[in-house]
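Here is the structure we will look at.
Number of protein chains: 2
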Amino acid sequence: MADRVVILGGGFAGLAVAGGLKHAAVEILIIDRQNHHLFQPLLYQVATGGLSPEDIAVPIRHVFRRQKNVKVLQAEIKGVDREAKLVQTSVGQVPYDVLVVATGSEYNYFGNDVWKKNAPSLKAIDDATRMRDQVLRAFEAAEFETDSSRRKRLLTFVIVGAGPTGVELAGALAELSHKAIRGEFRNFDPASAEIILVEAGPRILGVFSEKLSEKAQKALHQLGVKVITGSAVEALDDSGVTLKGRRIEAGSIFWAAGVRATSVASKLGVETDRSGRVKVGPDLSLPEDSSVFVVGDAACFLDAGGRALPAVAPVAKQQGQHVARVIKSRLEGKNSPAFKYVDKGNLATVGRRFAVADVLGLRLAGLLAWWIWVVVHIFYLIDFKNRILVMTQWIWYYLTFHRGRRVISDAKPDST
Amino acid sequence: MADRVVILGGGFAGLAVAGGLKHAAVEILIIDRQNHHLFQPLLYQVATGGLSPEDIAVPIRHVFRRQKNVKVLQAEIKGVDREAKLVQTSVGQVPYDVLVVATGSEYNYFGNDVWKKNAPSLKAIDDATRMRDQVLRAFEAAEFETDSSRRKRLLTFVIVGAGPTGVELAGALAELSHKAIRGEFRNFDPASAEIILVEAGPRILGVFSEKLSEKAQKALHQLGVKVITGSAVEALDDSGVTLKGRRIEAGSIFWAAGVRATSVASKLGVETDRSGRVKVGPDLSLPEDSSVFVVGDAACFLDAGGRALPAVAPVAKQQGQHVARVIKSRLEGKNSPAFKYVDKGNLATVGRRFAVADVLGLRLAGLLAWWIWVVVHIFYLIDFKNRILVMTQWIWYYLTFHRGRRVISDAKPDST
């Protein structure tokens with residue numbers, strides 16, 4: 179009987195493993211809580227009304243409809259029994275010969291998990307539609323709020339964390355309020371909304387060069403985003419956020435400050451780092467159990483300089499492809515090759531005509547970098563259909579500034 | 179001060195009233211539970227993965243962004259005080275000089291409201307995404323169901339009511355299971371799913387001629403839909419439906435059998451018919467209170483033959499336009515004109531290449547009727563952007579049979 183490869187998670191890493199085993203004599207089972215692969219880098223566009231959830235999600239089984247050695251199971255992972263080589267799921271036990279843990283990450287509240295309620299983050303489709311609901315409801319409420327300080331609070335949006343996600347979310351929120359919905363309200367000007375980006379570190383977009391991060395900050399400023407650096411959050415509640423010696427009243431706070439591995443990684447019974455990531459060997463398998471691989475955001479892989487690789491899509495994808503190669507090598511009785519990350523650089527966009535790019539040795543800021551961003555993102559959108567549709571929408575959006583995907587999905591308008 | 183026109187409901191009727199008063203010296207307030215106008219006739223496409231919710235919804239305030247005499251309030255209607263000319267909402271009281279009730283309809287379970295839980299219907303965005311979740315989850319569960327009778331039940335979908343909505347939903351479900359997702363499952367063939375359309379009356383699509391309804395039934399049959407006519411539902415629970423002397427085990431039952439006015443209409447303190455609709459005079463205002471109009475599905479307007487007009491979009495739209503004319507006539511001190519419905523006919527589609535059309539005296543069945551259906555629906559999609567996007571998707575869908583908008587939005591895969 180063929181080796182049974184069980185992959186936990188249908189993100190970039192999990193899909194790369196399965197895809198890389200297309201012609202291998204294995205039986206593959208992908209288990210995911212969701213029925214869809216999600217193109218997470220564009221989730222902020224859903225949260226700000228630029229794209230539909232369905233534009234960036236594709237059913238996992240649709241991706242593999244022609245790869246007959248892949249089965250897909252929608253279930254929760256309850257645990258892993260490495261002794262018996264079993265995965266416990268919400269719908270029963272699943273045996274494996276090779277296990278690939280590609281369960282990704284969640285946002286890290288650094289010991290303040292109670293903040294999550296008042297400062298949600300963006301990881302899944304439902305997070306994005308809830309965030310969109312919250313933003314749109316704030317404007318709806320502001321239209322009929324007569325108390326000026328309450329209205330000001332409703333219209334203050336704080337984003338914590340100025341990595342690519344925080345920066346992109348801040349830029350999109352600024353465009354939504356300062357441009358897209360201007361003219362739709364009668365009792366206030368949406369352009370009066372304050373978008374505040376808070377960063378604990380000394381500058382935004384820490385992974386980029388100082389010069390690029392400066393240029394990005396300037397671009398954010400031009401969009402009307404207020405940037406506060408060197409300020410960690412000390413407290414946070416439903417009416418605002420407290421920085422060192424400073425209080426900001428805000429109706430909406432969104433969290434984009436660092437990630438940790440999901441709890442599935444901790445169920446393997448092996449050592450994890452303080453971000454909950456599992457330490458893996460050179461071939462991405464566990465040092466103590468070569469039948470288990472960990473890849474992507476769930477893995478702690480040290481590069482030549484002894485630094486852990488970042489939790490980004492390219493790392494996940496390359497690690498997934500590598501694990502497929504290792505599995506095939508083993509089937510052929512060969513040695514496992516060691517993983518080596520090829521860093522192609524970083525990209526982050528600020529609004530609709532500006533991005534910073536640090537790719538292949540080039541450091542760019544502005545419109546050209548933005549076009550690189552557009553091409554790269556469209557290229558990576560897995561499903562061909564989605565690629566065309568997203569492009570249509572982006573062209574339309576570029577021409578008109580409209581953000582029309584502004585459905586408030588759950589009708590509970592209260593007087594809060 | 180200008181007359182204050184308050185419109186309850188941002189459906190086809192409400193939008194037509196507001197749009198018709200564009201150049202009138204009135205202040206308009208539209209109150210709706212949702213922030214968006216919904217193109218209800220295409221809701222079944224969302225429920226079956228063909229379109230995104232956002233494709234058929236547009237924020238009401240976006241529609242009126244350039245019409246400065248319109249304000250929009252998202253709130254629930256709690257009551258109407260006709261004495262004091264006040265509307266009570268979830269966010270406070272609103273005074274009116276003229277009130278237009280355009281609150282539409284909901285599905286009628288004819289005294290069996292407990293059936294609603296096990297046989298949901300399609301009226302709002304959330305209904306459609308929940309129905310989509312239910313359908314997609316049934317296929318996910320069937321993939322790992324080993325008991326053949328339980329699998330058969332999971333894969334049996336019953337639609338109650340064979341008016342246009344029921345017929346269109348049945349056709350789309352058949353295309354989804356028998357065509358779009360074929361090849362995506364490994365343990366069963368989705369084409370084995372049974373779609374059963376149940377109708378209490380003697381034939382499907384009762385508003386069409388007998389010949390057209392026969393042709394539509396044939397087209398449904400070719401798509402693999404089983405049609406049962408002359409069978410009212412006697413009982414219904416979470417495992418199936420009981421018709422006269424016959425039990426069908428079904429994991430999913432959807433209700434599309436007749437509508438009644440929403441409860442708002444009953445808050446006016448005037449006479450309603452047995453479908454909860456408010457009886458209106460020749461100009462669509464209340465016989466007992468000329469400052470209150472009722473239009474669309476909420477109104478009972480008798481035509482020359484003494485029959486109530488049907489609950490369809492064209493009636494709502496024409497009545498809305500008429501009320502705008504009446505309000506303007508009154509402002510000019512003229513008499514109220516009487517409403518007269520111009521019936522342009524009926525359309526219903528069965529799958530992706532067949533429709534029946536009874537328009538302008540022409541009775542068509544087949545591809546040409548389907549093209550008429552496509553053109554009419556795209557034409558009526560209010561927002562230009564949506565029009566282009568929906569068209570792109572339809573062309574893609576027509577060419578490929580794909581139904582890619584298949585996100586299961588809420589991750590709770592249980593072993594049920």
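The listed protein sequences correspond, in order, to chains X and D.
Here the first sequence is numbered in the working numbering, starting from 179 and rising by one per residue.
Here the second sequence is numbered in the working numbering, starting from 179 and rising by one per residue.
By construction, the Cβ of each residue, glycine as well, lies at the ideal position given by its N, Cα and C atoms.
Discussion item. Would Glu353/D pass as an interface residue toward chain X - the criterion being a Cβ-Cβ separation below 9 Å?
Written reply: no
Worksheet item: Counting Cβ pairs closer than 8 Å, one from the stretch 424-436 of chain X and one from the stretch 331-339 of chain X, do we hit at least three?
Response: yes
Fill in: Sequence-distant residues of the same chain with beta carbon closer than 8 Å to Ala589/D, five excluded per side
With a pLDDT of only 47 at Ala589/D, under 50, the local geometry of the prediction cannot be trusted, and the value read off the model is given with reservation. Same-chain partners within the cutoff: there are none.
Worksheet entry | Unbroken stretches of the beta strand (DSSP E), 3 residues or longer, contained in the stretch 213-280 of chain D | 214-216, 235-237, 248-252, 255-259, 264-267, 270-273, 276-279
Worksheet item: Excluding five sequence neighbours on each side, which residues of the same chain lie with their C-beta closer than 6 Å to the C-beta of Arg182/X?
Response: Glu205, Tyr274, Asp275
Worksheet item: When the Cα atoms are used, what is the spatial distance from Leu220/D to Ala316/D?
Response: 22 Å
Fill in: Within chain X, the residues that Asp305/D reaches when beta carbons sit closer than 9 Å
By Cβ distance, chain X contributes nothing, its closest Cβ being about 11 Å from Asp305/D, past 9 Å.
Item to complete: Would you decide whether Asp415/D is buried or exposed? Buried here means 16 or more other CB atoms lie within 10 Å of its CB.
Response: exposed
Worksheet item: For the putative contact between Arg329/X and Phe366/X, defined by C-beta atoms under 8 Å, what is the C-beta separation to the nearest angstrom?
Response: 7 Å
Worksheet item: Where does Val195/X fall in DSSP's three states?
Response: helix
Practice prompt. Taking Ala533/D as the reference, give the member of Leu390/D, Ala302/D, Glu318/D with the closest Cα.
Written response: Leu390/D
Discussion item. When you compare the stretch 487-501 of chain X with the stretch 192-200 of chain X, are there three or more beta-carbon pairs, one atom per stretch, that lie closer than 8 Å?
Written reply: Cβ pair count under 8 Å is three or more, so yes.
Worksheet entry | Under the three-state DSSP convention, the category Thr343/D falls into | Helix at Thr343/D.
Item to complete: Return the chain-ordered ranges of every alpha helix (DSSP H) run that is complete within the stretch 363-412 of chain X and spans a minimum of 4 residues.
Response: Unbroken alpha helix (DSSP H) stretches of 4 residues or longer found wholly inside the stretch 363-412 of chain X: 388-401, given in chain order.
Worksheet item: So, Thr407/X versus Ile382/X, is the Cβ gap smaller than 9 Å?
Response: yes
Item to complete: Report all residues from its chain with a CB closer than 7 Å to the CB of Ala516/X; omit the five preceding and five following residues, and keep chain order.
Response: For Ala516/X, where only same-chain residues beyond five positions count, the Cβ hits under 7 Å are Pro460, Asp461.
Practice prompt. Report the residue from Cys478/D, Val458/D, Asp475/D, Thr267/D whose alpha carbon sits nearest the alpha carbon of Ser469/D.
Written response: Val458/D
Worksheet item: Are the Cβ atoms of Asn524/D and Phe386/D separated by less than 9 Å?
Response: yes
Worksheet entry | Element boundaries [beta strand (DSSP E), containing Glu284/X] | 283-285
Fill in: Rounded separation between Ala320/D and Leu354/D - CA only
15 Å
Worksheet item: Nearest to Leu251/D by alpha carbon, out of Gly187/D, Val490/D, Trp548/D?
Response: The shortest C-alpha separation from Leu251/D is found at Gly187/D.
Worksheet item: Nearest chain D C-beta to Asn365/X closer than 9 Å, yes or no?
Response: yes
Worksheet item: Could you give the distance in angstroms between the alpha-carbon of Glu412/D and the alpha-carbon of Val376/D?
Response: 12 Å
Worksheet item: Taking a cut of 9 Å between CB atoms, which residues from the stretch 223-234 of chain X lie near chain D?
Response: Residues passing the 9 Å Cβ filter: Gly227, Leu229, Ser230, Pro231, Glu232, Asp233.
Item to complete: Spell out whether any CB of chain X is found under 9 Å from the CB atom of Ser587/D.
Response: Yes, contact with chain X.
Item to complete: Note the first and the last residue of the continuous alpha helix (DSSP H) segment covering Phe288/X.
Response: Run containing Phe288/X: none; DSSP gives neither H nor E here.
Discussion item. Once DSSP output is grouped into helix, strand and coil, what is the label at Phe432/X?
Written reply: strand
Discussion item. Mapping the DSSP letters down to three states, classify Lys512/X as helix, strand or coil.
Written reply: Here Lys512/X sits in coil by DSSP.
Discussion item. Bridge partners for Phe517/D per DSSP, in chain order?
Written reply: Partner(s): none; Phe517/D has no beta bridge.
Discussion item. Rounded to the nearest angstrom, what separates Leu446/X and Ala476/X at their Cα positions?
Written reply: 11 Å
Discussion item. Can you pull the chain X neighbours of Val204/D, defined as C-beta to C-beta under 8 Å?
Written reply: Neighbours of Val204/D on chain X: none; closest Cβ ~14 Å, over 8 Å.
Worksheet item: Is the distance from the Cβ of Gly228/X to the Cβ of Arg531/X below 9 Å?
Response: no
Worksheet item: Under 9 Å Cβ-Cβ, which residues of chain X neighbour His215/D?
Response: Ordered by position in chain X, no residue passes the 9 Å Cβ test against His215/D, which lies about 10 Å from the chain.
Discussion item. Can you give me the C-alpha to C-alpha distance between Val265/X and Gly418/X, rounded to a whole angstrom?
Written reply: Val265/X and Gly418/X: Cα-Cα distance of roughly 42 Å.
Item to complete: For His356/D, go through chain X and note every residue whose CB falls closer than 8 Å to its CB, in chain order.
Response: Correct list: empty, because the minimum Cβ distance to chain X is about 15 Å.
Worksheet entry | Cβ neighbour criterion (16 or more within 10 Å) applied to Ser283/D | buried
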